[in-house]
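The numbering of the sequence shown is the numbering used here, which starts it at -3 and goes up by one. All residues carry an ideal CB built from backbone N, CA and C; glycine is no exception. Only a predicted model underlies this, so the values are computations on that prediction, with no experimental measurement involved. Notes to accompany the following structure.
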Amino acid sequence: MATLNGAILYDVTEFARNPLRTGIQRVVFEILRHWPKEAPPLAPVVLAPDGAGFQLLPAGFPAAMTAHFETGADLGAGRAAMGPLLKTAQALSKEALAGARAVFNPEVFYDPARARFYERLCAAGAVDVHFVIYDALPWLRPDLFSRDNVGNTMSYLHAVRRVPYLHFISAMSRDDFARRILRRGEAGMFVHPLGADGLGRAAPPFEAQNRTFAAIGTIEPRKRHHILLEACEGLWEEGEDFDLVLAGRAGWQTDALQARMADLSQRRRGFHWLSDASDARVRDIVTGARATLFCSDAEGYGLPPVESLALGVPVMVSERIPATAGLPALGQVRLQEVDVESVRAALVRLLDDAEAARLRTEIASLDLPTWKGHAESLAATLCGGKAGRAVSA
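Right under this line is the structure:
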């Protein structure tokens, strides 16, 4: 039986059983990758299939997770890599659990059994429980999600109501939860902005001949790719010459949009959709773009715009995106409303060489958050930065 030595149990159940490359799974990965060495260690665990307790993952889990994000292997390879780790995970006894400093869940889950487990864990009070909270959109904007998905979130929300320590990725999300969801004071609530440097830092020079735009993010209704395509096709029909690259996996209710993109890729040589790009490929796409385009205006945070800025590339973004709302509007074309006309106007502005060059120069003046800072802020809140050592099965 593993000895926890005051470690923090890091619940990665969803990733270990279904490794994708979602925005939330990226956060789970970046926290683990940047966790301070001087802090009590994170011990990755999964909830046992029977929902009765945690299982400690072997020492090879962090390397497998890193490979999943950095090598660009297909998702099947990720699941294959997790299989042996799940099979050799060690069950944690109640005594071992009592030796943990805290339980830290950075995932969103819609498994009723997992929700009930956390309700019991919080009620028992034997160990502090911390959750990362991303946004309140499923409950405040259910129109953006399928009815089934919203219904499935309720067990998770019931569990969140009982968690004593909640860590938000933006002040906007904290305020939404405190005032409109939980309706309680902000005691036990903390804000830790996400890092902008997950794809690295860069400062590519402006090149007037580069007329490629990129849009990064899951293909789903609230990301408003249909607005982007409408604006681009209108400009193409008027004779404007530029390319568009979309990078993101297909989400829900996208059959019609996927058919439209497939047709467009046949008709327009400069249009491309990459549904499963690795981090390295996404970095190349962004740094190779004149600017990036982010049409969503309903996000808990909105990483792609700040990751674009960290890579030295201007971005078109809604003024309601939390990740950029707290920054000076440098290197950004901010939209009050996201519609075809506003996106079209932004594209025309970005196609102007002098304006595009000016926006790129502005980016150097931004002080962007880092993943190192995010992990350090979490560690300081969870445990005060006391030293620990690595734990694995």
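Do the segment 188 to 198 and the segment 291 to 308 make contact, defined as three or more Cβ pairs closer than 8 Å?
yes
Going by C-alpha distance, which of Ala85, Thr67, Ala73, Thr357 is nearest Asn14?
The sequence position of residue 14 within the sequence shown is 18, counting from 1. When each option's Cα is compared against that of Asn14, the closest is Ala73.
Where Leu323 and Gln332 are concerned, what is the direct C-alpha to C-alpha distance, given to the nearest angstrom?
As a first step, residue 323 is located in the sequence shown; it is residue number 327 there, counting from the start. As a first step, residue 332 is located in the sequence shown; it is residue number 336 there, counting from the start. Near 16 Å, if we compare the C-alpha coordinates of Gln332 and Leu323.
Could you round the C-beta distance between Val311 and Thr288 to whole angstroms and report it? I think they count as a contact, below 8 Å.
Translated into the one-based positions of the sequence shown, residue 311 becomes position 315. Translated into the one-based positions of the sequence shown, residue 288 becomes position 292. That belief holds up - the Cβ atoms of Val311 and Thr288 are roughly 5 Å apart, short of 8 Å.
Could you compute how far the alpha carbon of Thr62 sits from the alpha carbon of Leu81?
The residue given as residue 62 occupies position 66 in the sequence shown. The residue given as residue 81 occupies position 85 in the sequence shown. Approximately 14 Å, taken between the alpha carbons.
Can you have a look at Ser292 and say buried or exposed, based on whether 16 or more other CB atoms are within 10 angstroms of its CB?
For the purposes of this step, residue 292 is identified with residue 296 of the sequence shown, where counting begins at 1. The residue in question, Ser292, is buried, as its Cβ has 16 or more Cβ neighbours within 10 Å.
Going by DSSP in three states, Pro40 sits in which element: helix, strand or coil?
Here residue 40 is taken as the residue at index 44 of the sequence shown, counted from 1. Looking at Pro40 - three-state DSSP - the assignment turns out to be strand.
Return the first residue and the last residue of the beta strand (DSSP E) that Ala210 is part of.
Start at 1 with the first residue of the sequence shown, and residue 210 comes out as number 214. It spans 208 to 212 - the beta strand (DSSP E) in which Ala210 sits, taken as one unbroken run.
If we call anything under 9 Å between Cβ atoms a contact, is Arg245 one with Asp280?
As a first step, residue 245 is located in the sequence shown; it is residue number 249 there, counting from the start. As a first step, residue 280 is located in the sequence shown; it is residue number 284 there, counting from the start. Going by C-beta atoms, Arg245 is not nearer than 9 Å to Asp280.
Which full runs of the alpha helix (DSSP H) of 4+ residues lie inside the segment 280 to 365, going along the chain?
299 to 306, 318 to 321, 336 to 347, 349 to 358
Option in Ala109, Leu346, Phe100, Val123 with minimal Cα separation from Glu91
Counting from one through the sequence shown, the residue named residue 91 turns up at place 95. The residue with the shortest Cα to Cα distance from Glu91 is Val123.
Sequence ranges, beta strand (DSSP E) only - wholly within the segment 156 to 181, length at least 3:
161 to 164
Around the C-beta of Arg286, are 16 or more other C-beta atoms found within 10 angstroms, so that it is buried, or is it exposed?
Numbered from its first residue, the sequence shown carries residue 286 at position 290. So Arg286 ends up on the buried side.
Note down, in chain order, each residue of its chain lying with its Cβ closer than 7 Å to the Cβ of Arg218, except the 5 sequence neighbours on either side.
For the purposes of this step, residue 218 is taken as residue 222 along the sequence shown, with counting starting at 1. Closer than 7 Å at Cβ, skipping near neighbours: Leu140, Ser292, Ala294.
How many angstroms separate the CA atom of Ala98 from the CA atom of Trp367?
Against the sequence shown, residue 98 aligns to sequence position 102. Against the sequence shown, residue 367 aligns to sequence position 371. Distance between the alpha carbons of Ala98 and Trp367: 21 Å.
For Ala198, which of Ala211, Phe173, Ile165, Gly308 has the nearest alpha-carbon?
On the sequence shown, residue 198 is found 202 positions in, with the first residue counted as 1. When each option's Cα is compared against that of Ala198, the closest is Gly308.
DSSP state of His268, grouped into three classes?
Locating residue 268 in the sequence shown gives position 272, counting from the first residue. His268 falls in the strand class under three-state DSSP.
Mind checking Thr67: buried by the 16 CB within 10 Å criterion, or exposed?
As a working mapping, residue 67 is identified with position 71 in the sequence shown. With fewer than 16 Cβ atoms within 10 Å of its Cβ, Thr67 is classed as exposed.
Leaving out the 5 sequence neighbours to the left and right, which residues in its chain are closer than 8 Å to Thr283 when beta-carbon positions are compared?
Reading the sequence shown from its first residue, position 287 is the one you call residue 283. Correct list, in chain order: Ala198, Pro200, Leu307, Gly308, Val309.
Does the distance from the CB of Leu53 to the CB of Arg17 come in under 9 Å?
On the sequence shown, residue 53 is found 57 positions in, with the first residue counted as 1. On the sequence shown, residue 17 is found 21 positions in, with the first residue counted as 1. Not closer than 9 Å, so no.
Assigned secondary structure, Asp275 (DSSP; H/G/I helix, E/B strand, else coil):
On the sequence shown, residue 275 is found 279 positions in, with the first residue counted as 1. Helix.
Comparing C-alpha positions only, which one of Ser304, Leu224, Val8, Phe100 sits nearest to Arg356?
For the purposes of this step, residue 356 is identified with residue 360 of the sequence shown, where counting begins at 1. Ranking Ser304, Leu224, Val8, Phe100 by Cα distance to Arg356 puts Ser304 first.
In three-state terms, what does DSSP make of Leu53?
Counting from 1 along the sequence shown, the entry for residue 53 is found at position 57. If DSSP states are grouped into helix, strand and coil, Leu53 belongs with coil.
Would you check if the distance between the CB atom of Val156 and the CB atom of Ala227 is smaller than 9 Å?
Here residue 156 refers to the residue found at position 160 of the sequence shown. Here residue 227 refers to the residue found at position 231 of the sequence shown. Cβ atoms of Val156 and Ala227: not closer than 9 Å.
With distances taken between CB atoms, is the gap from Pro108 to Val24 smaller than 9 Å?
Residue numbering aside, residue 108 sits at position 112 when the sequence shown is read from its first letter. Residue numbering aside, residue 24 sits at position 28 when the sequence shown is read from its first letter. No. Outside cutoff.
Can you give me the start and stop residues for the beta strand (DSSP E) that Val99 sits inside?
Along the sequence shown, one-based indexing puts residue 99 at 103. First-last of the beta strand (DSSP E) with Val99: 98 to 101.
Please list, in chain order, all residues of the same chain as Leu346 whose beta carbon is under 6 Å from its beta carbon, the five residues on each side excluded.
Position 350 of the sequence shown, counting from 1, holds the residue named residue 346. Same-chain partners within the cutoff: Ala287, Ala352.
Burial state of Ser151 (16 or more Cβ within 10 Å):
By one-based count along the sequence shown, residue 151 stands at place 155. With 16 or more other Cβ atoms within 10 Å, it is buried.
Determine the direct distance from the alpha carbon of Gly181 to that of Ala342, and round the result to whole angstroms.
Here the question's residue 342 lines up with position 346 in the sequence shown. Here the question's residue 181 lines up with position 185 in the sequence shown. Ala342 and Gly181: Cα-Cα distance of roughly 40 Å.
Between Leu162 and Gly230, what straight-line distance do the alpha-carbon atoms span, to the nearest angstrom?
As a first step, residue 162 must be located in the sequence shown, where it is residue number 166. As a first step, residue 230 must be located in the sequence shown, where it is residue number 234. If you take the alpha carbons of Leu162 and Gly230, they lie about 45 Å apart.
For the beta strand (DSSP E) containing Leu5, list its first residue and its last residue.
Here residue 5 refers to the residue found at position 9 when the sequence shown is read from its first residue. It spans 4 to 7 - the beta strand (DSSP E) in which Leu5 sits, taken as one unbroken run.
Same chain only: Cβ atoms within 8 Å of Val278, ignoring 5 sequence neighbours per side:
Stepping through the sequence shown from its first residue, residue 278 is reached at position 282. Closer than 8 Å at the Cβ level, and outside the excluded window around Val278, lie Leu195, Ile212, Ala243.
Does at least one heavy atom of the ligand GDP sit under 8 Å from the Cβ of Leu82?
The ligand GDP is not among the ligands present in this structure, which contains no ligands whatsoever.
Three-way DSSP call (helix, strand, coil) for Phe186 in this model:
Working through the sequence shown from its first residue, we reach residue 186 at position 190. Strand at Phe186.
Using 10 angstroms around the beta-carbon of Arg175, count the other beta-carbons present and answer buried if the total reaches 16, otherwise exposed.
Here residue 175 refers to the residue found at position 179 when the sequence shown is read from its first residue. Classification for Arg175: exposed.
Using the Cα positions of Ala55 and Asn1, report the straight-line distance between them to the nearest angstrom.
In the sequence shown, the residue the question calls residue 55 occupies position 59. In the sequence shown, the residue the question calls residue 1 occupies position 5. Computed Cα separation, rounded: 15 Å.
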